[in-house]
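Trainee: Next up is a structure, given as structure tokens.
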Amino acid sequence: MISKIFKNRNEWRVWLRKHHKTEKEIWLIFYKKHLNKKSLAYPDAVEEALCFGWIDGQLRRIDSARHMIRFSPRRPGSIWAPSNIKRVRKMIRERKMTKDGLSLFKQADLKAQTAPTVAAAARKKSKRIVVPPDLRKAFSVKPKALEHFTNYPPSFRLTAVRWVLTAKHKETRLRRIRDIVSNAAKHARPAY
């Protein structure tokens with residue numbers, strides 16, 4: 001296990017440039033702010049990591065003055081937090097993204113990943129769950145299924161919508177839609 005304290009953002013970027021393709025992880029050590037020790041700030045560490053296709057992870061306390069956070073290469077297909085999407089867009093504007101970091105970001109299906117958040121926000125705001133057009137179309141063929149689906153508890157309907165929205169492949173999405181409609185027609189709930 002490699003653990004290291006970087007004094008600033010540039011030192012961290014230099015390490016990433018040299019090791020981002022060969023190392024599997026590094027634990028960055030951070031001092032508590034009130035100690036006023038010169039070290040890399042957490043937001044800067046995350047931004048630089050994203051530039052190289054890396055991500056922060058597990059946090060461990062070392063002692064009362066320090067903690068460390070694991071940084072490692074991001075796996076293709078992993079979920080992108082809205083905060084990291086914002087950070088990457090900022091790094092793109094500042095022209096700091098590397099080819100590797102940009103490639104991972106472009107591979108991500110950000111619409112599918114942010115859709116559940118949008119659905120949850122819409123539900124919270126309007127108490128209405130927004131059913132995606134393709135699911136709505138499938139229900140139009142089986143009105144009884146739509147009636148049963150509409151009578152399910154809101155939490156169940158939201159889970160069903162999220163299940164559809166988070167499918168990574170078109171075939172998976174279509175299969176999930178078929179499962180939801182078919183089960184709703186039988187007044188049953190799919191296990192997802």
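Each residue of the sequence shown is one higher than the one before, counting from 1 in my numbering. We treat Cβ as the ideally placed atom computed from N, Cα and C, and that holds for glycine. Since this is a predicted model, take the numbers as computed values, not measurements.
Excluding the 5 residues flanking serine 103 on each side, which residues of the same chain have their C-beta closer than 8 Å to its C-beta?
Mentor: On the sequence shown, residue 103 is found 103 positions in, with the first residue counted as 1. Taken in chain order, the residues that qualify are Gly53.
Trainee: Given a threshold of 16 other Cβ atoms within 10 Å of its Cβ, counted over all protein chains shown, does glycine 101 qualify as buried or as exposed?
Mentor: The residue labelled residue 101 in the question sits at position 101 within the sequence shown. So glycine 101 counts as buried.
Trainee: Measuring CB to CB, does leucine 35 end up less than 8 Å from phenylalanine 6?
Mentor: Looking up residue 35 in the sequence shown gives position 35. Looking up residue 6 in the sequence shown gives position 6. Not in contact: leucine 35 and phenylalanine 6 (Cβ atoms no closer than 8 Å).
Trainee: Between the alpha carbons of isoleucine 85 and alanine 45, how many angstroms are there, rounded?
Mentor: Here residue 85 is taken as the residue at index 85 of the sequence shown, counted from 1. Here residue 45 is taken as the residue at index 45 of the sequence shown, counted from 1. Each residue's Cα considered, the two are about 15 Å apart.
Trainee: Near alanine 119, what residues of its chain come up, given a Cβ to Cβ distance below 8 Å and the 5 sequence neighbours on each side ignored?
Mentor: If you number the sequence shown from 1, residue 119 lands on position 119. Residue placement at alanine 119 is poorly supported in this model, since its pLDDT is 49, which falls under 50; the coordinates still yield a value, given next. Result list for alanine 119: Ile129, Val130, Leu158, Val161, Arg162 and Leu165, in chain order.
Trainee: Measure the Cβ-Cβ separation of leucine 146 and isoleucine 180 and say whether it is below 8 Å.
Mentor: Looking up residue 146 in the sequence shown gives position 146. Looking up residue 180 in the sequence shown gives position 180. Contact: no.
Trainee: Does DSSP put phenylalanine 52 in a helix, in a strand, or in coil?
Mentor: In the sequence shown, the residue the question calls residue 52 occupies position 52. Coil.
Trainee: Going by the DSSP bridge assignment, what does serine 3 pair with across the sheet?
Mentor: Taking the sequence shown and counting its residues from 1, one reaches residue 3 at position 3. In the DSSP output, where bridge partners are listed per residue, serine 3 has Trp27.
Trainee: Between Ser3, Lys21 and Pro76, which lies nearest to isoleucine 62 when the distance is taken from Cα to Cα?
Mentor: In the sequence shown, residue 62 corresponds to position 62, counting from 1. Of the candidates Ser3, Lys21 and Pro76, the one whose C-alpha sits nearest the C-alpha of isoleucine 62 is Ser3.
Trainee: Please list, in chain order, all residues of the same chain as tryptophan 15 whose beta carbon is under 8 Å from its beta carbon, the five residues on each side excluded.
Mentor: In the sequence shown, counting from the first residue as 1, residue 15 sits at position 15. If we look at tryptophan 15 and ignore the five residues flanking it on each side, its Cβ neighbours are Lys4, Phe6 and Ile26.
Trainee: Note down, in chain order, each residue of its chain lying with its Cβ closer than 7 Å to the Cβ of tryptophan 12, except the 5 sequence neighbours on either side.
Mentor: Numbered from its first residue, the sequence shown carries residue 12 at position 12. Only Phe6, Leu40, Ala45 and Glu48 meet the Cβ criterion.
Trainee: If you run the structure through DSSP and keep just helix, strand and coil, what is glycine 77?
Mentor: As a working mapping, residue 77 is identified with position 77 in the sequence shown. Glycine 77: coil per DSSP, three-state reduction.
Trainee: By a C-beta neighbour count over all protein chains shown, 10 Å radius and 16 as the cutoff for buried, is arginine 176 buried or exposed?
Mentor: For the purposes of this step, residue 176 is taken as residue 176 along the sequence shown, with counting starting at 1. That one is buried.
Trainee: Assign alanine 138 to buried or exposed, taking buried as 16 or more other Cβ atoms, counted over all protein chains shown, within 10 Å of its Cβ.
Mentor: Locating residue 138 in the sequence shown gives position 138, counting from the first residue. By the neighbour-count rule (16 or more Cβ atoms within 10 Å), alanine 138 is buried.
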